[in-house]
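Below: one structure, written as structure tokens.
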Amino acid sequence: MTTLNSPMALPSLTLLGQSLLSGLFIGALYGLLGLGLSLCWGMLRQINLAHFALAFLGAYLTYQLAGAGMDPLATLAVVVPCFFALGVLMHWVFARFSVSAFNSLLVTFGLTAIIEALIQWIWTADFRRMESAYGEVKFRVGALYVGLPELLTLGMAVALSLLTWVWLRYTYSGKAMRAIAEDAPIAAAFGVNVRGLSLMLSGLSAAFAGVAGLCLALSYTLAPGQIYAWLGVVFAAVMLGGLGNPLGPLVAGIVIGVSEALTMAFTAPAWAPLVSFSLLIVVLLARPERI
Amino acid sequence: MPGANRSILAGFGALFALGLAAQSALAAPSGTPVRIGSTLALTGPLAATGLVHKIVGELYVEELNRKNGLLGRPVEWVLKDDQSRPDLARTLYEQLITVDKVDLIMGPYATANILSAMGVAQRYNKVLIHHTFGTPSLAKYDMQFPTGGLAGDPDNTIPKLVFDALAASAKPPKSVAVVTSKFPSVHFISLGAREAAKKRGLREAAFLEWDFGNRDFGPIAARLKDAKPDFVWVGGLGLEGNLLIDAMRKIDYMPPLHFHLFPAPGPLLKAPGGENALAATTFEEHPPFTDNPVAVEFIRLYHERAAKAGLPDTSVENQSAISYSSWQTLEAAVTGAKSIDDKAIAQWLKKNPVDAIVGRLRWDGPFNYIYGTDLYKVKQNQNGKWAVIWPKEFTAPGARLITP
Numbered sequence: 001m002t003t004l005n006s007p008m009a010l011p012s013l014t015l016l017g018q019s020l021l022s023g024l025f026i027g028a029l030y031g032l033l034g035l036g037l038s039l040c041w042g043m044l045r046q047i048n049l050a051h052f053a054l055a056f057l058g059a060y061l062t063y064q065l066a067g068a069g070m071d072p073l074a075t076l077a078v079v080v081p082c083f084f085a086l087g088v089l090m091h092w093v094f095a096r097f098s099v100s101a102f103n104s105l106l107v108t109f110g111l112t113a114i115i116e117a118l119i120q121w122i123w124t125a126d127f128r129r130m131e132s133a134y135g136e137v138k139f140r141v142g143a144l145y146v147g148l149p150e151l152l153t154l155g156m157a158v159a160l161s162l163l164t165w166v167w168l169r170y171t172y173s174g175k176a177m178r179a180i181a182e183d184a185p186i187a188a189a190f191g192v193n194v195r196g197l198s199l200m201l202s203g204l205s206a207a208f209a210g211v212a213g214l215c216l217a218l219s220y221t222l223a224p225g226q227i228y229a230w231l232g233v234v235f236a237a238v239m240l241g242g243l244g245n246p247l248g249p250l251v252a253g254i255v256i257g258v259s260e261a262l263t264m265a266f267t268a269p270a271w272a273p274l275v276s277f278s279l280l281i282v283v284l285l286a287r288p289e290r291i
Numbered sequence: 292m293p294g295a296n297r298s299i300l301a302g303f304g305a306l307f308a309l310g311l312a313a314q315s316a317l318a319a320p321s322g323t324p325v326r327i328g329s330t331l332a333l334t335g336p337l338a339a340t341g342l343v344h345k346i347v348g349e350l351y352v353e354e355l356n357r358k359n360g361l362l363g364r365p366v367e368w369v370l371k372d373d374q375s376r377p378d379l380a381r382t383l384y385e386q387l388i389t390v391d392k393v394d395l396i397m398g399p400y401a402t403a404n405i406l407s408a409m410g411v412a413q414r415y416n417k418v419l420i421h422h423t424f425g426t427p428s429l430a431k432y433d434m435q436f437p438t439g440g441l442a443g444d445p446d447n448t449i450p451k452l453v454f455d456a457l458a459a460s461a462k463p464p465k466s467v468a469v470v471t472s473k474f475p476s477v478h479f480i481s482l483g484a485r486e487a488a489k490k491r492g493l494r495e496a497a498f499l500e501w502d503f504g505n506r507d508f509g510p511i512a513a514r515l516k517d518a519k520p521d522f523v524w525v526g527g528l529g530l531e532g533n534l535l536i537d538a539m540r541k542i543d544y545m546p547p548l549h550f551h552l553f554p555a556p557g558p559l560l561k562a563p564g565g566e567n568a569l570a571a572t573t574f575e576e577h578p579p580f581t582d583n584p585v586a587v588e589f590i591r592l593y594h595e596r597a598a599k600a601g602l603p604d605t606s607v608e609n610q611s612a613i614s615y616s617s618w619q620t621l622e623a624a625v626t627g628a629k630s631i632d633d634k635a636i637a638q639w640l641k642k643n644p645v646d647a648i649v650g651r652l653r654w655d656g657p658f659n660y661i662y663g664t665d666l667y668k669v670k671q672n673q674n675g676k677w678a679v680i681w682p683k684e685f686t687a688p689g690a691r692l693i694t695p
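Shown next, in the form of structure tokens:
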């Protein structure tokens with residue numbers, strides 16, 4: 001049965017503005033979650049499903065450390081290096097066993113299940129919510145409200161995406177990384193340290209997952225089963241943004257977030273996923289070379 | 292005097308025999324275990340509540356075995372993880388019956404999984420006692436017995452309960468917004484709430500639906516703020532209500548009154564913005580529920596076990612209480628029927644009510660549901676504790692509905 005939602009009178013500017021902001025912030029989170037995934041997929045040819053599990057593991061670690069008295073932002077000093085090391089280890093294993101792109105999907109799916117089980121074993125399946133001073137802070141801009149956790153998420157997403165773009169575009173190692181993505185054997189022949197740079201990129205991607213975990217912990221209640229709730233929309237952002245493009249997931253994520261938010265604001269909220277996935281289908285049909 | 296001595300001896304003999312009989316009645320159960328099979332969502336999105344049911348089941352079976360088991364036999368619970376997936380639940384119930392060859396089965400957690408299990412139970416003519424089936428109209432199997440306290444028409448009974456509570460308050464609302472997840476059970480009850488509000492002459496300020504799993508409640512919160520309803524009915528499951536409250540707080544808005552259908556109770560209790568939230572329940576940790584010594588003992592045991600399992604919230608509330616009631620029903624039925632035969636158990640249940648900790652359960656209506664009345668109450672988050680505020684006979688001591 002289709003049930004019509006209550007018809008809207010002309011929406012207020014406040015509703016429009018607040019919805020835009022809401023879409024912007026959640027889009028930034030999609031972008032942050034998609035950044036590491038896009039880099040691994042586009043440059044290392046590894047479809048790392050475990051990226052989402054790592055993000056949630058990062059969220060739980062943030063929750064645990066914050067519960068022990070650490071400032072949530074300061075937990076990055078612990079989480080980021082640990083996750084970098086984890087990412088390096090993952091890629092070392094993949095390289096050691098010559099795991100192909102398709103096989104990486106299967107292997108990382110298994111890894112996701114293992115990480116989920118680990119999270120559940122340590123923190124149980126029950127809901128966990130990190131209470132922090134950041135959650136209570138919001139800014140008023142005219143009639144609109146901006147929460148500090150969301151602002152931090154947007155800031156981190158933009159900063160990391162931009163820095164990664166600058167690194168890939170303007171630094172020697174970044175250009176070398178792009179060369180590896182284009183043709184690894186030829187890049188090696190030109191003296192590029194394929195193995196070292198690939199390990200570093202994998203480490204960076206996992207570190208980005210850790211940062212995304214902090215943002216998840218700041219804004220959301222955590223439960224292990226929620227790992228899978230983000231898969232569809234973040235994959236959509238990654239594919240729309242173009243694989244290996246560090247700015248792509250952020251821009252695409254924001255487009256998806258804003259389009260979902262505006263759909264929820266002006267029509268039936270239940271139609272929001274229809275909008276984002278329709279966009280994906282249209283773009284993939286028009287530009288299939290994006291993946 | 293010989294006659295008097297004989298009487299005294301007979302008296303002692305009778306006492307001795309009585310003592311022996313009492314001792315054998317409390318003797319540890321023995322013999323082949325009665326094997327009860329079920330699945331629960333031990334992993335996956337429903338695992339948080341699945342864990343509650345696991346704890347309750349384990350402690351009930353332990354207590355049964357500490358006493359006399361079932362029909363003097365020990366009880367073994369064969370529990371499998373359905374990973375919150377109805378398709379897996381179906382497969383596992385087939386396995387429990389055909390491979391593990393359990394004597395009896397108990398229902399899993401949540402509507403979709405119970406529906407899967409029901410199909411298997413029907414195929415093998417097994418009685419199915421279950422607790423969390425939210426869409427009674429889909430329960431067409433004659434040997435299924437719900438113990439969750441819901442009526443056959445929860446889309447009438449729950450909204451009636453809530454709107455009656457509001458109408459009896461000092462400041463009944465004049466306008467209502469109904470916002471709901473499209474998860475099947477909460478959705479259809481919320482549609483009932485929409486109809487009930489219309490029939491009572493309340494102005495509908497907004498009606499919004501979202502897909503189960505929605506992450507962004509910002510626009511929905513903004514629409515509610517624009518609509519300014521006196522009362523918001525939140526047809527939410529699990530954390531959805533919390534996400535909506537968070538989104539509303541971020542834009543500096545809270546509705547005067549808000550009701551949450553099936554929330555994750557711990558998070559809603561503790562959430563900033565959750566103060567004075569209303570929710571549905573069958574049991575809370577205060578009188579008159581705790582006038583029942585069985586309930587008191589269950590509360591004590593559950594607190595211990597939940598703390599040991601590391602749950603952040605160890606209080607007994609709706610989910611744990613209806614889970615306990617389902618085991619009480621099974622024990623009563625097996626004991627009453629004096630059999631573990633499924634048909635005998637089913638026939639006994641159709642004719643006999645069971646006094647469980649959530650209230651008197653009975654199954655003498657169409658497809659074992661009662662229509663027009665249920666065991667649900669309305670509770671409110673007052674000073675960080677849940678307190679029932681309606682109906683009056685179940686109200687927590689000194690509590691009343693707090694309205695703005």
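The listed protein sequences derive, respectively, from chains A and B.
If you read the first sequence in the numbering used here, its first letter stands for residue 1, the second for the next number, and so on.
If you read the second sequence in the numbering used here, its first letter stands for residue 292, the second for the next number, and so on.
Ideal Cβ positions, reconstructed from N, Cα and C, are used throughout, including at glycine.
All values derive from a computational prediction rather than experimental measurement.
Task: Selection from A:P72, A:A95, A:F94, A:L61 that minimises the alpha carbon distance to C82 of chain A - done: Within the first sequence, residue 82 of chain A is the residue found at index 82, counting from 1. It is A:L61 whose Cα lies nearest to the Cα of C82 of chain A.
Task: The alpha helix (DSSP H) enclosing H594 of chain B, as first and last residue numbers - done: For this step, residue 594 of chain B is matched to residue 303 along the second sequence. Element bounds for H594 of chain B: 584 to 599.
TODO: Using a threshold of 8 Å, state whether the C-beta atoms of T340 of chain B and Y400 of chain B are closer than that.
DONE: The count along the second sequence starts at 1 and reaches residue 340 of chain B at position 49. The count along the second sequence starts at 1 and reaches residue 400 of chain B at position 109. Yes, Cβ-Cβ distance for T340 of chain B and Y400 of chain B is below 8 Å.
Open item on the list: Within 8 Å of any Cβ in chain B, is that where the Cβ of M264 of chain A sits?
Closed with: Here residue 264 of chain A is taken as the residue at index 264 of the first sequence, counted from 1. Yes, M264 of chain A lies at the interface with chain B (some Cβ there is under 8 Å from its Cβ).
- [ ] Could you name the residues of chain A that L602 of chain B contacts, counting a contact when the two beta carbons are closer than 7 Å?
- [x] Looking up residue 602 of chain B in the second sequence gives position 311. Correct list: T124, D126.
Task: Partner residues on chain A for W654 of chain B, Cβ-Cβ distance less than 8 Å - done: Counting from 1 along the second sequence, the entry for residue 654 of chain B is found at position 363. Going along chain A, no residue has its Cβ under 8 Å from W654 of chain B, so there is no contact; the nearest lies around 29 Å.
Open item on the list: Here's a check: name, in chain order, each residue in its chain whose Cβ is nearer than 7 Å to the Cβ of G410 of chain B, leaving out the five neighbours to either side.
Closed with: The residue given as residue 410 of chain B occupies position 119 in the second sequence. Within the same chain, G410 of chain B has close Cβ partners R381.
Open item on the list: Beta-carbon within less than 6 Å of H344 of chain B's beta-carbon, same chain only, minus the 5 sequence neighbours each way: which residues are those?
Closed with: Numbered from its first residue, the second sequence carries residue 344 of chain B at position 53. Result list for H344 of chain B: L331, Y400, S614, in chain order.
Task: Residues, ordered as in the chain, of the segment 59 to 72 of chain A that lie near chain B by beta-carbon distance below 9 Å - done: none
- [ ] Can you grab the Cα-Cα spacing for the pair W524 of chain B / F553 of chain B, in whole Å?
- [x] On the second sequence, residue 524 of chain B is found 233 positions in, with the first residue counted as 1. On the second sequence, residue 553 of chain B is found 262 positions in, with the first residue counted as 1. Looking at the two C-alpha atoms, the distance is approximately 11 Å.
Task: Any chain A beta carbon closer than 8 Å to E486 of chain B - done: Numbered from 1 along the second sequence, position 195 holds the residue referred to as residue 486 of chain B. Not one chain A Cβ lies under 8 Å of E486 of chain B.
Task: Contact with chain A by L361 of chain B, beta-carbon distance below 8 Å - done: Here residue 361 of chain B corresponds to residue number 70 of the second sequence, with the count starting at 1. It does not: the Cβ of L361 of chain B has no partner Cβ on chain A nearer than 8 Å.
TODO: In angstroms with no decimal places, state the Cα-to-Cα distance between I388 of chain B and T402 of chain B.
DONE: In the second sequence, the residue the question calls residue 388 of chain B occupies position 97. In the second sequence, the residue the question calls residue 402 of chain B occupies position 111. Spanning the two alpha carbons is a distance of roughly 21 Å.
Open item on the list: On the criterion of 16 or more Cβ atoms from any shown chain inside 10 Å, does A316 of chain B qualify as buried, or is it exposed?
Closed with: Taking the second sequence and counting its residues from 1, one reaches residue 316 of chain B at position 25. At A316 of chain B, the pLDDT of 48 sits below 50, so the modelled position is not reliable and the matter cannot be decided from this model.
TODO: Name the two residues that bound the continuous beta strand (DSSP E) containing W222 of chain A.
DONE: Indexing the first sequence from 1 puts residue 222 of chain A at position 222. Trp is not the amino acid found at residue 222 of chain A; the sequence shown has Leu there. Premise fails: L222 of chain A is in no beta strand (DSSP E) and is neither H nor E.
Task: Terminal residues of the beta strand (DSSP E) in which H551 of chain B lies - done: Reading the second sequence from its first residue, position 260 is the one you call residue 551 of chain B. 548 to 554 is the extent of the beta strand (DSSP E) around H551 of chain B.
TODO: May I have the straight-line CA-CA distance separating H51 of chain A from T334 of chain B, to the nearest angstrom?
DONE: On the first sequence, position 51 is the one that residue 51 of chain A refers to. On the second sequence, position 43 is the one that residue 334 of chain B refers to. For H51 of chain A and T334 of chain B, the distance between alpha carbons rounds to 19 Å.
Open item on the list: Below 8 Å on C-beta distance, what does T334 of chain B contact in chain E?
Closed with: As a matter of chain content, chain E is missing from the structure shown, whose protein chains are A and B.
Open item on the list: Let me confirm a value: T323 of chain B is counted as buried when at least 16 other C-beta atoms fall within 10 Å, else exposed. Which label applies?
Closed with: Here residue 323 of chain B corresponds to residue number 32 of the second sequence, with the count starting at 1. Per the 10 Å Cβ criterion, exposed.
TODO: With DSSP collapsed to three states, give me the class of R364 of chain B.
DONE: Position 73 of the second sequence holds residue 364 of chain B. Correct three-state label for R364 of chain B: strand.
Open item on the list: DSSP three-state label for M545 of chain B, please.
Closed with: In the second sequence, the residue the question calls residue 545 of chain B occupies position 254. If DSSP states are grouped into helix, strand and coil, M545 of chain B belongs with coil.
Task: Short Cβ contact (8 Å threshold) for L20 of chain A with A261 of chain A - done: Stepping through the first sequence from its first residue, residue 20 of chain A is reached at position 20. Stepping through the first sequence from its first residue, residue 261 of chain A is reached at position 261. Yes, these two residues count as a Cβ contact at 8 Å.
Open item on the list: So for W271 of chain A, helix, strand or coil by DSSP?
Closed with: Taking the first residue of the first sequence as position 1, residue 271 of chain A is located at position 271. Of the three classes helix, strand and coil, the one that applies to W271 of chain A here is helix, per DSSP.
Open item on the list: Going by DSSP in three states, T664 of chain B sits in which element: helix, strand or coil?
Closed with: Here residue 664 of chain B refers to the residue found at position 373 when the second sequence is read from its first residue. DSSP places T664 of chain B in coil when its eight states are reduced to three.
- [ ] Assign G203 of chain A to one of three DSSP states: helix, strand, or coil.
- [x] Here residue 203 of chain A refers to the residue found at position 203 when the first sequence is read from its first residue. Correct three-state label for G203 of chain A: helix.
- [ ] Could you say which of A:V283, A:S22, A:S12, A:P11 lies nearest to L151 of chain A if we only look at CA atoms?
- [x] On the first sequence, position 151 is the one that residue 151 of chain A refers to. Considering only alpha carbons, the answer is A:S22.
- [ ] Look at the alpha carbon of A66 of chain A and the alpha carbon of P72 of chain A, and state the distance between them as a whole number of angstroms.
- [x] As a working mapping, residue 66 of chain A is identified with position 66 in the first sequence. As a working mapping, residue 72 of chain A is identified with position 72 in the first sequence. Using only the alpha carbons, I get a separation of about 5 Å.
TODO: Return the first residue and the last residue of the alpha helix (DSSP H) that V472 of chain B is part of.
DONE: For this step, residue 472 of chain B is matched to residue 181 along the second sequence. Going by the sequence as given, residue 472 of chain B is Ser instead of Val. Counting along the chain, S472 of chain B falls outside any alpha helix (DSSP H), though it belongs to the beta strand (DSSP E) covering 466 to 472.
TODO: Let me know the secondary structure DSSP gives P81 of chain A once reduced to three states.
DONE: Translated into the one-based positions of the first sequence, residue 81 of chain A becomes position 81. If DSSP states are grouped into helix, strand and coil, P81 of chain A belongs with the helices.
Open item on the list: Between the alpha carbons of V88 of chain A and F94 of chain A, how many angstroms are there, rounded?
Closed with: Taking the first residue of the first sequence as 1, we reach residue 88 of chain A at position 88. Taking the first residue of the first sequence as 1, we reach residue 94 of chain A at position 94. Taking the straight line joining both Cα atoms gives about 10 Å.
- [ ] Decide if the segment 482 to 501 of chain B is in contact with the segment 419 to 436 of chain B; the criterion is three or more beta carbon pairs, one per stretch, under 8 Å apart.
- [x] no
- [ ] Could you check if P695 of chain B is buried or exposed, using at least 16 other CB atoms within 10 Å of its CB as the buried criterion?
- [x] In the second sequence, the residue the question calls residue 695 of chain B occupies position 404. The residue is exposed, with fewer than 16 neighbouring Cβ atoms inside 10 Å.
Open item on the list: Measuring only the C-alpha atoms, how far is S38 of chain A from G241 of chain A?
Closed with: Residue 38 of chain A sits at position 38 when you count from the first residue of the first sequence. Residue 241 of chain A sits at position 241 when you count from the first residue of the first sequence. Going from the Cα of S38 of chain A to the Cα of G241 of chain A covers about 9 Å.
Open item on the list: Tell me which residue opens and which closes the beta strand (DSSP E) that E495 of chain B is part of.
Closed with: Walking along the second sequence from the start, residue 495 of chain B turns up at place 204. Start and end: 494 to 501.
- [ ] State the Cα-Cα distance for the pair L342 of chain B and A125 of chain A, rounded to the nearest angstrom.
- [x] What you label residue 342 of chain B is simply residue 51 of the second sequence in a count that begins at 1. What you label residue 125 of chain A is simply residue 125 of the first sequence in a count that begins at 1. Looking at the two C-alpha atoms, the distance is approximately 7 Å.
Task: Straight-line gap, S6 of chain A to I256 of chain A (C-alpha atoms, nearest Å) - done: As a first step, residue 6 of chain A is located in the first sequence; it is residue number 6 there, counting from the start. As a first step, residue 256 of chain A is located in the first sequence; it is residue number 256 there, counting from the start. Model confidence at S6 of chain A stands at a pLDDT of 49, short of 50, so the residue's coordinates are unreliable; what they give is reported in the following sentence. The alpha-carbon atoms of S6 of chain A and I256 of chain A are separated by roughly 24 Å.
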